[in-house]
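So for the sequence shown, UniProt numbering puts the first residue at 1; every next one is plus one.
See below for the structure under consideration.
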Amino acid sequence: MERLPLLRLARWLFAALAAGTLAGQILELERAAEIPRASMTLRDSRVVVVLPGGAAERAGLLPGDRILAVGGEPLSRGGEALPLLQRLAPGREATLLVRRGGETRELPYRPDPPQRGDILWRFAVGGVGIVTLLIGVVVFLKNPRPLTFTFGAICYAMGALVQPPFVPWLTGLLVARKALLMAATLFVPPLLVHLFLAFPLRHPWLDRRGRRVGLLYAPSLALLALALWALARIPPDAADPLGPASLLGPSATILWIAGVGAAITLFAVAYRRARSRASRGRVRAILWGTILGTLPIAAMLAVRAVRPALAIPGDRLAVLAVILIPLSFGYAIVRHGIFDLSLLVRRSLALSLLAALLACLYFVLQMALGELLPGLAAASPLWLPFLSLCAVGLLLPPTYRGLERLLESRAGAGRPRDELIYEFGVALRGMLGRGPLVRLISESVAEALGASRVACFEPARGGGLRAAYLCGVPPEALAPWPLSAALVQRLRSHARPLDRGELDTELPFGYLSPADQAALDALDAHLLVPLRAGEQFRGCLLVGRPAYGESFTAADRRLAETLAAEGSLALENSLLHERAMEEERLRGDVELARDLQERLLPTRMPQLDSLEAAGFSVPCQGVGGDYYDCFLTPRGELLLAIGDVSGKGVPGAILMANLQGLVKVEGVRDEPPARIVERINRQICEMEKPERFVTFCLARVDPRGGEVTYCNAGHPSMLLARGDGTIEELSVGGLPLGIRADAAYDGAAARLGAGDLLLLYTDGVTERTRPGGEQFGAER
């Protein structure tokens with residue numbers, strides 16, 4: 001995915017935008033101790049709630065007032081009253097230009113200094129916004145693909161909304177900040193729906209109508225266009241618009257409630273339909289984090305849409321609840337390996353969280369030391385930052401070492417991996433037995449990944465898989481449950497290890513057959529490792545839960561893939577060795593069968609004064625299915641028989657031997673050849689070999705008068721070459737032997753004269769082919 005130009009461009013743009021936003025958030029957090037205490041609730045520039053006893057009440061502000069200017073500074077296009085009020089110096093009076101009803105008045109406003117709780121609250125909100133943004137940025141930049149881009153965009157939007165970045169009081173930057181926050185507000189709902197269509201289980205709608213996913217963003221684009229139009233056309237001092245802009249607030253609220261509700265519904269349905277305990281465990285924290293992080297904000301927006309002036313208890317906590325969404329994803333990434341991130345990505349994610357927490361700790365310590373040591377702060381303003389920085393520096397090394405130990409402890413167990421791979425390769429040398437190889441591969445993977453359970457499955461008849469070796473599992477635990485052909489087909493399409501959750505994601509709503517589900521649950525399989533040698537699928541390994549953690553890291557999967565690749569080549573060599581040995585045994589059997597066949601064919605032809613007979617056979621394989629015979633009957637007649645059994649090799653030779661015995665027994669009867677062929681046909685059919693049939697021709701020659709009586713059962717016609725050069729085809733008969741037991745056969749007669757030649761042959765002669773593809777043919 002990273003090679004795709006569009007995704008690569010999105011990565012750079014996202015990194016630049018996130019870097020600028022993060023810098024603005026840090027600047028806003030740096031001003032936390034200088035921002036005066038809020039004494040009112042504002043929506044854009046309109047006063048919604050006035051807190052009793054505060055500066056707003058003392059100034060005479062009322063709910064519904066619209067602030068037009070602060071301290072002589074008018075609100076520019078895109079500007080809001082609250083950022084301008086927060087730039088005032090605490091305790092210093094400023095004049096507010098306010099519109100109330102249809103008149104404009106000036107009110108004196110003296111902001112209160114911030115309290116400790118206000119400063120702590122701003123640190124908390126800033127920390128939530130920064131951590132939320134960092135989680136999304138790290139996940140996408142380290143593993144850029146469409147799914148992580150959607151997740152990163154959600155984290156960025158929520159982080160920017162929770163902690164808007166600081167910008168200088170310039171019209172262009174204020175408009176850009178306003179447009180950015182509008183876009184973030186309007187695009188979070190469709191982004192959530194898009195994310196949960198593809199995660200944790202890919203919804204079939206994406207496969208059927210994936211190109212229509214852009215329709216999810218159409219309402220947000222329309223509302224954003226309306227918001228930008230209102231921002232450009234409606235001046236800051238205008239009265240409430242009654243046109244399309246008046247629908248912006250209610251429409252955005254409906255969009256949020258509908259989008260969040262649909263996203264959580266999709267997630268809950270996918271979670272409920274997932275049959276794997278492992279896949280449900282991977283996303284359980286994300287499900288609850290999403291519900292607890294979005295529902296409070298959606299509920300607060302709904303209440304404010306109905307009653308804007310109502311003071312909602314705990315509305316601040318609703319904002320803080322946003323952190324539960326990225327934190328739940330971060331927890332799933334670190335613990336369960338969501339998005340298949342490597343150890344480096346998880347380390348970067350953990351270090352980002354650590355850096356954000358230490359930054360918050362720095363500001364908290366600076367504020368606490370200022371309260372505990374006011375004289376030191378008065379002596380020099382540099383002392384408090386210096387002492388806070390020293391305290392954070394002392395805490396950083398042990399915290400970092402503890403985090404490293406935690407991450408390394410989850411990275412693997414046992415001996416160094418290079419040593420394991422080397423010893424595994426040495427053990428494979430010269431090992432040709434399939435059983436010992438399967439055992440070595442299974443036990444080596446179990447040791448390398450720290451898994452107490454590993455089962456090796458090999459292909460079985462019917463397209464499924466059967467257990468070939470069980471490591472750490474009682475044999476009776478998996479014996480009743482072979483893996484189905486459907487699961488094998490899914491494994492064949494993957495050349496790399498497949499996580500149990502990925503398997504559930506690719507199948508429709510995690511569907512698995514009951515037998516597959518039982519086998520995977522009995523082993524508690526967390527990883528499925530295909531055994532492939534080139535394009536050949538040789539089975540798979542089912543690896544249970546790792547002993548050192550809840551999931552396998554990307555390094556674990558690469559190690560399993562390396563061991564499986566080497567083991568698969570050894571299995572392929574073992575299979576080739578078994579085939580060579582089998583071919584050697586078969587070659588001996590063929591030699592024996594060929595000797596038997598040569599003994600069945602006549603070695604000497606009958607010698608008569610009036611007839612000369614000759615015959616030979618050259619099998620195309622070691623053993624063929626062609627048959628001929630020539631012998632004298634008790635009445636002194638010459639019996640000629642020729643046949644071609646369908647198929648070659650040993651099976652054809654066996655049927656040929658049966659045919660030869662029948663001809664020896666039935667051919668001596670004093671009956672027409674047609675009746676003898678009917679009797680032989682019935683006995684061939686009684687052998688119940690539907691895949692075998694025989695083309696056959698039987699002829700009887702009277703050496704005294706030269707009369708030839710014959711019956712042809714689907715065999716190439718006998719050729720009678722006269723002494724004058726004419727050629728006759730003798731083809732009267734019926735079906736080949738072994739097709740229908742009640743088949744009827746006709747006979748015919750001809751007469752041989754002096755110098756005539758009667759030729760019986762099989763299609764091995766006519767179908768003889770030159771290297772260029774030209775056949776010998778019947779005419780020759």
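From the three backbone atoms N, C-alpha and C, an ideal C-beta is built for every residue, glycine too.
Please read all numbers here as calculations on a predicted model, not as lab measurements.
Cβ neighbour criterion (16 or more within 10 Å) applied to residue i
i: residue 102; result: exposed
i: residue 115; result: exposed
i: residue 727; result: exposed
i: residue 469; result: buried
i: residue 610; result: exposed
i: residue 667; result: buried
i: residue 757; result: exposed
i: residue 660; result: buried
i: residue 653; result: buried
i: residue 484; result: buried
i: residue 155; result: buried
i: residue 294; result: buried
i: residue 588; result: exposed
Beta-carbon proximity of residue i to residue j, cut-off 8 Å
i: residue 645; j: residue 694; result: yes
i: residue 80; j: residue 44; result: yes
i: residue 541; j: residue 564; result: yes
i: residue 203; j: residue 195; result: no
i: residue 723; j: residue 747; result: no
i: residue 260; j: residue 189; result: yes
i: residue 88; j: residue 111; result: yes
i: residue 184; j: residue 157; result: yes
i: residue 684; j: residue 639; result: no
i: residue 163; j: residue 139; result: no
i: residue 662; j: residue 680; result: yes
i: residue 523; j: residue 453; result: yes
i: residue 710; j: residue 730; result: yes
i: residue 292; j: residue 324; result: yes
i: residue 328; j: residue 285; result: yes
i: residue 134; j: residue 161; result: no
i: residue 247; j: residue 230; result: no
i: residue 108; j: residue 37; result: no
Residue from the options with nearest C-alpha to residue i
i: residue 458; options: 431, 496, 515, 568; result: 568
i: residue 166; options: 83, 270, 516; result: 83
i: residue 782; options: 518, 515, 575, 520; result: Since the displayed the chain opens at 1 and closes at 780, residue 782 lies outside it and no answer follows.
i: residue 446; options: 224, 525, 627, 518; result: 525
i: residue 719; options: 745, 762, 704; result: 762
i: residue 148; options: 265, 14, 129; result: 14
i: residue 31; options: 399, 466, 713, 168; result: 168
i: residue 784; options: 216, 40, 62; result: The structure shown does not extend to residue 784, since the chain spans only 1 to 780, so no value can be given for it.
i: residue 488; options: 529, 107, 23; result: 529
i: residue 692; options: 658, 780, 449; result: 658
i: residue 535; options: 492, 516, 527; result: 492
i: residue 705; options: 741, 602, 753; result: 753
Length of the line joining the Cα atoms of residue i and residue j
i: residue 486; j: residue 395; result: 54 Å
i: residue 571; j: residue 545; result: 25 Å
i: residue 769; j: residue 775; result: 4 Å
i: residue 219; j: residue 25; result: 29 Å
i: residue 2; j: residue 144; result: Residue placement at residue 2 is flagged as unreliable, the pLDDT there being 40, under the threshold of 50; the coordinate-derived value follows with that caveat. If I take the Cα positions, the gap works out to 6 Å.
i: residue 289; j: residue 296; result: 12 Å
i: residue 267; j: residue 186; result: 20 Å
i: residue 227; j: residue 256; result: 16 Å
i: residue 146; j: residue 191; result: 12 Å
i: residue 616; j: residue 606; result: 14 Å
i: residue 778; j: residue 708; result: 22 Å
i: residue 9; j: residue 16; result: 11 Å
i: residue 460; j: residue 664; result: 44 Å
i: residue 361; j: residue 123; result: 9 Å
i: residue 750; j: residue 759; result: 13 Å
i: residue 193; j: residue 271; result: 15 Å
i: residue 675; j: residue 641; result: 14 Å
i: residue 630; j: residue 725; result: 26 Å
Could you pull out every unbroken beta strand (DSSP E) segment of at least 3 residues lying fully inside the region 632–657, listed in chain order?
-> The region 632–657 contains these whole beta strand (DSSP E) runs: 638–645.
4-residue-minimum alpha helix (DSSP H) runs that sit fully inside the region 150–205, ordered along the chain = Counting whole runs of 4 or more residues, the region 150–205 contains the alpha helix (DSSP H) stretches 171–198.
At which residue ranges does the region 563–607 contain complete beta strand (DSSP E) runs of 3 or more residues, listed in the order of the chain?
-> As far as the region 563–607 is concerned, it has no whole beta strand (DSSP E) run of at least 3 residues.
Just list the alpha helix (DSSP H) runs in the region 69–155, keeping only unbroken ones of 4 residues or longer that don't cross its boundaries, in chain order.
-> For the region 69–155, whole alpha helix (DSSP H) runs of length 4 or above, ordered along the chain, are 81–85, 116–142.
3-residue-minimum beta strand (DSSP E) runs that sit fully inside the region 688–764, ordered along the chain = Scanning the region 688–764 for uninterrupted beta strand (DSSP E) segments of 3 residues or longer gives 694–701, 707–713, 718–721, 727–730, 748–751, 757–759, listed from N- to C-terminal end.
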